[in-house]
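Okay, structure first, notes after.
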Amino acid sequence: MLAKNKKGMSEIVVTIVIILLAIVVFAVVSVVVKGTVSKGAENIELSANCLDVEMHAVKIAKATRDDGSIIDKSYDVAVSRSSSGKNLDGVRLIVENVANEKSVSSENFIELIKPLDKKTYEVSGIDFTPAQVTAIPFFMKKSGEVYYCENPQVDELTVTGTQPLQIQGQPL
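The numbering used here numbers the first residue of the sequence shown as 3 and each following residue consecutively.
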């Protein structure tokens, strides 16, 4: 009779261990799935936010110092937001020449950009005549990583020295 009790205890212990292992496996899988789903949900939310954002470069001019002297190889690019969409966390600008054979990408300008805002950013290292500017708005993820919108706006601009600027042949 004593031998039967030991065998019964052994089966109970094995059953409890199997149940505990199943609970641990379930917990691990749920943590992994939750992390994957939440990252995917954040990306979907940011993509949806990007659909409402419209930002255009509206003028470009040689960058100048406070005393009015021109800064070599630097241009000031003015951008303007539409009235729709959520607040942006920043923008990156790509300045290209007429044939799109030369381009300069700016750093990430991290700054709150609200709907209808107009901002000017200095892009340096431009050793050609700029002809078009691509404005790439972005949001910051919770992790601090930059999420660039996939619908950048490309605008053709004309620089006429230090005279008033034009966009697509219209004076600003």
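Glycine residues also receive a C-beta, built at the ideal position from the N, C-alpha and C atoms. All figures in this text were calculated on a predicted structure; none of them were measured in a lab.
query	result
Residue-level contact to chain D via CB, L118, 8 Å cutoff	The structure shown contains no chain D, having only a single protein chain.
Which of helix, strand or coil DSSP assigns to K116	coil
Where T38 sits in the DSSP three-state scheme	helix
Residues near D129 in its chain [Cβ-Cβ closer than 6 Å; skip 5 each side]	K75
Nearest neighbour of V161, chosen from K88, K64 and N153 [CA to CA]	K64
Contact the stretch 115 to 131 vs the stretch 91 to 98: 3+ CB pairs below 8 Å	yes
Simplified DSSP state of S32, which is helix, strand or coil	helix
Same chain only: Cβ atoms within 6 Å of L48, ignoring 5 sequence neighbours per side	F141 and Y149
Exposure of S32, with buried meaning 16 or more beta-carbon neighbours within 10 Å	exposed
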